[in-house]
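S.K.: Numbering (the numbering used here), first residue to last: 614 to 836.
1. Are residue 701 and residue 780 touching if we call contact CB-CB under 7 Å?
2. What does residue 676 pair with, by DSSP beta-bridge criteria?
3. Could you tell me if residue 815 is buried or exposed, where buried requires 16 or more neighbouring beta carbons within 10 angstroms of its beta carbon?
4. Please report the distance separating the alpha-carbon of residue 667 from that of residue 726.
5. According to DSSP, residue 699 sits in a beta bridge with which residue or residues?
6. Using the Cα positions of residue 760 and residue 722, report the straight-line distance between them to the nearest angstrom.
7. Which term fits residue 665, buried or exposed, when burial requires 16 or more other beta carbons within 10 angstroms of its beta carbon?
8. Reducing DSSP to helix, strand and coil, say where residue 814 ends up.
9. Between which two residues does the beta strand (DSSP E) harbouring residue 832 extend?
Okay, here's the thing in structure tokens:
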């Protein structure tokens, strides 16, 4: 399987998604459309991973609109898609749903709660890394998958082959350090989780997050 990854900032890479791809014997190609403007075609994509980034789907940028054209083609072809943060928002916007300011800015570690039984072997409560202040509307054709204490719309699953998460299960400990040291001012401004960069790094990554990331990817890959 060819896994095509859309990465949107240098400090938010695929993390354990890449480990999953390697462990399952897939080939991964990472694109940086914000820098180079290149995107894969739908025909050469077996699974699409859309990572996070500091931009918004509402930004008037050509490559952001082109991403949604690709997403729509893959939705039409019923190919598996996973979106994290901005990536999940892009999926929702492609489907015609709003992306807007969340009621709370969440930056740091906080629990999320499972809201659907469509995917087995997922704990009812997990601790995830949040790094956002916008949120998606859950598409009508999707099921709410996760919520947090501050923001209801934290994840959705659709048609058995599409998952969008507003938060991050994919970072390793090294990834968390990379995200934080390069964006260390973001947690300090009106953060409703009240965590600073040092606290975010010291928290550590829960071991179960990698297992759950693998479970979600297996679910859509085998749809």
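Glycine included, C-beta positions come from ideal geometry on N, C-alpha and C.
M.R.: Looking at the atomic coordinates:
1. Residue 701 sits at position 88 when you count from the first residue of the chain shown. Residue 780 sits at position 167 when you count from the first residue of the chain shown. No; because the gap between Cβ atoms is not below 7 Å, this pair is not in contact.
2. Numbered from 1 along the chain shown, position 63 holds the residue referred to as residue 676. Note: residue 676 sits in no beta bridge, so no partner.
3. On the chain shown, residue 815 is found 202 positions in, with the first residue counted as 1. The residue is exposed, with fewer than 16 neighbouring Cβ atoms inside 10 Å.
4. Translated into the one-based positions of the chain shown, residue 667 becomes position 54. Translated into the one-based positions of the chain shown, residue 726 becomes position 113. Spanning the two alpha carbons is a distance of roughly 25 Å.
5. Here residue 699 is taken as the residue at index 86 of the chain shown, counted from 1. DSSP lists no partner for residue 699.
6. Residue mapping note: residue 760 aligns to position 147 of the chain shown, counting from 1. Residue mapping note: residue 722 aligns to position 109 of the chain shown, counting from 1. Cα to Cα, the separation comes out at about 14 Å.
7. The residue given as residue 665 occupies position 52 in the chain shown. With 16 or more other Cβ atoms within 10 Å, it is buried.
8. Within the chain shown, numbered from 1, the residue matching residue 814 stands at position 201. Annotated three-state conformation of residue 814 is helix, per DSSP.
9. Here residue 832 refers to the residue found at position 219 of the chain shown. First-last for residue 832: 821 to 834, but that is the alpha helix (DSSP H), not the beta strand (DSSP E).
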